[in-house]
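Numbered per mature numbering (1 follows the signal peptide of the UniProt record, and there is no 0), the sequence shown spans residues -22 to -1, 1 to 330.
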Amino acid sequence: MIPWLFACALCFLVYLIAKSVGTVPSLRTVWMFNKLPGPNDLPFFFGSAWHLFRINMDDVFPYIQKRLAEFGGMYACYFMGLPTVICSDPEVIEAILTSNKNIDKGPEYKFIGRWLANGILLSTGEKWRQRRKMLTPSFHFKILEDGMGCMSRGWRKTLEVLLATKGQPVDLQPILGKGALDIICESAMGYVLEDNDDRSNEYVAAVKRATRDSTKRVYNPLLKSDFIFDLTPLSRSHDKDLGILHGFTGKIIRERKAAFDEEKQLEYSDADGKKRQVFLDTLLEMSKKENLNDNDIREEVDTFMFAGHDSTSTALKFLMMHLAENPEVQVSTMNHRKGVYVVLLPISKKTT
């Protein structure tokens, strides 16, 4: 009896994992894929996941860097049976990112679906095209130029925090994350976070944990199944973090919407007294014209709050890492800065 129960449980587990992985690639895809450079990963179903599953999360990035160096900046591998290309060549990446046809995201993106729902990052097809057409005017060069003032103030405060460390080792994640969050809140949402507002630190920490948990699901074949994941303590802590993230953005939307419904002046006045319309106001206006409901607004705000601050802080950390690894470039950068700037002036379109 026990062997039969074990066999049934094993079959059910394999079914859940296979179902969660996605579609099986066609023979033509496999034939073309095998022409690309890459390691001969075995077993076929697990592929590179077999190696990543056995190493610490902190070692994943160095492992990928090693593989990229080995195969000249791009390599192909199977990941849980799916053909996957990992690339660091900007020209190759640009061809994909600028395409209006290849807009479907990989199966790994579904693990942030509980967080970002079906906003412009995860949507596809006609919905993606409609949302992009609707949101593009919010990021016109003129509007971005008008936001230079709050960007300058935000990074000045961040610089003051870094200078206060007086050269001691410091974790850049929370500092840069908070700086980028302050800027995206003010420039895109018209919401100013006070210096003593702990919610921004709480939000940044929750973003880090939620991203980490979603990444774990990518590398762990068992956690790919929603059914299995929902049974784990990781799911409960993840839901708690999502409550923090959605609560933060929900408060911003409610306060801005209240002003909108009361027919108050929509233009946001920044610290310089200059009035401009922010991204969230555009969404609220479009909710009347494009039949956007509260969930539609929240999924776009969640997407831009996450992507707007996390990508910026990650890029800055990536830059600082490379400067630290290449002292000669760091010295050259410092010399160039000294030759251009005499004093730290407020950023404007005239100084960019």
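The beta carbon of each residue, even a glycine, is placed where N, CA and C say it ideally should be.
Q: Just the C-alpha distance for residue 228 and residue 262, rounded to the nearest angstrom, thanks.
A: 14 angstroms
Q. If you check the beta carbons only, do residue 101 and residue 257 fall under 8 angstroms apart?
A. no
Q. What does a CB cutoff of less than 6 angstroms around residue 230 pick up in its chain, not counting 5 residues either side in sequence?
A. 167, 169
Q) Per DSSP, which one or two residues make a beta bridge with residue 299? A) Looking at the DSSP assignment, residue 299 forms no beta bridge with any residue, so it has no partner.
Q. In chain order, what residues of the same chain lie with their CB nearer than 7 angstroms to the CB of residue 4, ignoring the 5 residues before and after it?
A. none
Q.
Less than 8 angstroms between the beta carbons of residue 66 and residue 46, yes or no?
A. The answer is yes: Cβ separation under 8 angstroms.
(Q) Rounded to the nearest angstrom, what separates residue 192 and residue 89 at their Cα positions? (A) 6 angstroms
Q | In chain order, each alpha helix (DSSP H) run of at least 4 residues that lies wholly inside the stretch 59 to 134 | A | 68 to 75, 91 to 94, 103 to 113, 119 to 124
Q: Compare the C-alpha of residue 98 against each of 109, 104, 92, 91 and name the closest.
A: 109
Q.
Using CA atoms only, rank isn't needed, just tell me which of 183, 144, 54 is closest to residue 156.
A. 183
Q) Per DSSP, residue 52 forms a beta bridge with which residues? A) 65
Q. Mind checking residue 73: buried by the 16 CB within 10 Å criterion, or exposed?
A. exposed
Q | Neighbour flag for residue 283 against chain D, beta carbons, 8 angstroms | A | The structure shown contains no chain D, having only a single protein chain.
Q.
Whole angstroms are fine: how far does the CA of residue 213 sit from the CA of residue 10?
A. 38 angstroms
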